[in-house]
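Asker: Sharing a structure with you now.
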Amino acid sequence: MKLLQNECMKLFKKKGTWVMGTLLVLFVIATSALFTVILEPPPQSVDMQEAEAAYAEAEGLAYAGEEHILVPVIENAALMSIVTMFTVIAAATITAGEHAKGTIKLLLIRPASRWQILLSKLGAVVLFGLVMTGLLFASSFVSGMLFYGWNLPEGYVVQTAMDGMTAHGVYSYIAAMYSLWFVDLLLFAAIAFMIGTVFKSSALGIGVPLVLLFTGSTAATLIADYSIANVFLFSHTDLASRFMGFPGVVDVSLAVSGLVMALYAAAFLAVSFWRFTVQDVLD
């Protein structure tokens with residue numbers, strides 16, 4: 098616990114951490130203001146909202162509507178991609194940065210074993226992701242208060258996808274969306290953590306996961322017709338969009354995709370711990 102506390106203190110004392118947090122809050126507020134105050138919704142959007150309201154009425158469901166305090170919270174769930182980027186930076190640099198500054202030697206003379214040291218760093222990265230996710234949620238909630246007032250919704254959110262419309266309870270929908278995005282975050286953080294630990298390079302640890310974050314789904318689409326797509330990692334990293342009703346690259350449940358991602362993440366972390374505990378990390 099002491100090791101975890103020390104790693105968290107080092108991580109959250111960095112100026113870069115505060116810069117990322119500030120940028121996230123500003124981006125959330127600016128985005129909410131842009132779509133609420135400045136831009137008028139296009140006619141297609143208005144028609145879709147009317148169709149969704151009609152669907153809810155036909156199904157006998159209370160439609161939550163599009164003007165309540167949680168609208169920015171729902172719409173800004175997609176900004177979890179930015180939180181993922183920031184967490185990748187933290188994961189890639191938390192070990193590689195120690196090598197770059199030469200402080201890794203001071204860290205390893207402590208009585209704690211190497212695996213405990215690395216586990217504390219991993220725990221700090223997960224907590225960083227949780228804090229950033231909480232900051233995204235909180236700033237979106239405050240934006241909702243600013244632009245919609247204290248108007249808590251009741252009823253259902255209706256989503257329009259390629260295969261029709263689906264309805265979800267507004268609060269369960271928010272919880273599911275942020276949770277599924279957080280699963281993606283953990284996977285890419287594990288990739289960055291492994292690369293930063295194994296290769297001792299912050300640049301490589303940041304660059305590779307970010308490239309995969311934005312190109313992995315495209316690569317999965319290209320091999321969708323081949324059997325290898327079923328075990329290809331990035332065929333399964335579309336949890337949120339599939340929950341919203343859009344078709345995925347592979348026709349499996351979210352639970353199966355989550356299991357595949359967990360197995361890959363476990364393999365990445367196993368490599369990280371092997372490299373840090375067995376190999377000479379002082380080179």
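Position in the sequence shown (first residue = 1) + 97 = my numbering. Glycine included, every Cβ here is placed at the ideal spot set by N, Cα and C.
(1) Does the beta-carbon distance from Ala-368 to Val-295 come in below 8 angstroms?
(2) Unbroken alpha helix (DSSP H) runs of length 4 or more, entirely within the segment 156–221: which are they?
(3) Taking all protein chains shown into account, do 16 or more other C-beta atoms lie within 10 angstroms of the C-beta of Trp-278, making it buried, or fewer, making it exposed?
(4) Among Gly-302, Phe-311, Thr-374, which has the Cα closest to the Cα of Gly-194?
(5) I need the boundaries of the alpha helix (DSSP H) containing Thr-374, first residue and last residue.
(6) Any idea if Ala-264 is buried or exposed, counting beta-carbon neighbours within 10 angstroms, 16 or more meaning buried?
(7) Once you ignore the five residues that flank Lys-198 on each side, which residues in its own chain have a CB closer than 8 angstroms to its CB?
(8) Report back the beta-carbon spacing between Ala-289 and Ala-189 to the nearest angstrom; my notes put them in contact at under 8 angstroms.
(9) Would you call the CB atoms of Phe-331 and Trp-212 closer than 8 angstroms?
(10) What does a CB cutoff of less than 6 angstroms around Leu-282 pick up in its chain, not counting 5 residues either side in sequence?
(11) Whose C-alpha, out of Ala-130, Ile-292, Asp-260, is nearest the C-alpha of Ile-186?
(12) When we look at the beta-carbon of Lys-110 and count the other beta-carbons within 10 Å, is it buried (16 or more) or exposed?
(13) Should Ala-161 and Val-239 be called a contact, given that it needs their Cβ atoms to be closer than 8 angstroms?
(14) To which residues of the same chain is Pro-169 closer than 6 angstroms at the C-beta, ignoring the five residues directly before and after it?
Answerer: Put simply:
(1) Reading the sequence as shown, one finds Val at residue 368 and not Ala. Yes, the Cβ-Cβ distance between Val-368 and Val-295 is below 8 angstroms.
(2) 168–172, 177–198, 201–205
(3) buried
(4) Gly-302
(5) 351–375
(6) buried
(7) none
(8) 4 angstroms
(9) no
(10) Thr-181, Thr-184, Gly-226
(11) Ile-292
(12) exposed
(13) no
(14) Ser-129, Ser-237, Ser-240, Gly-241
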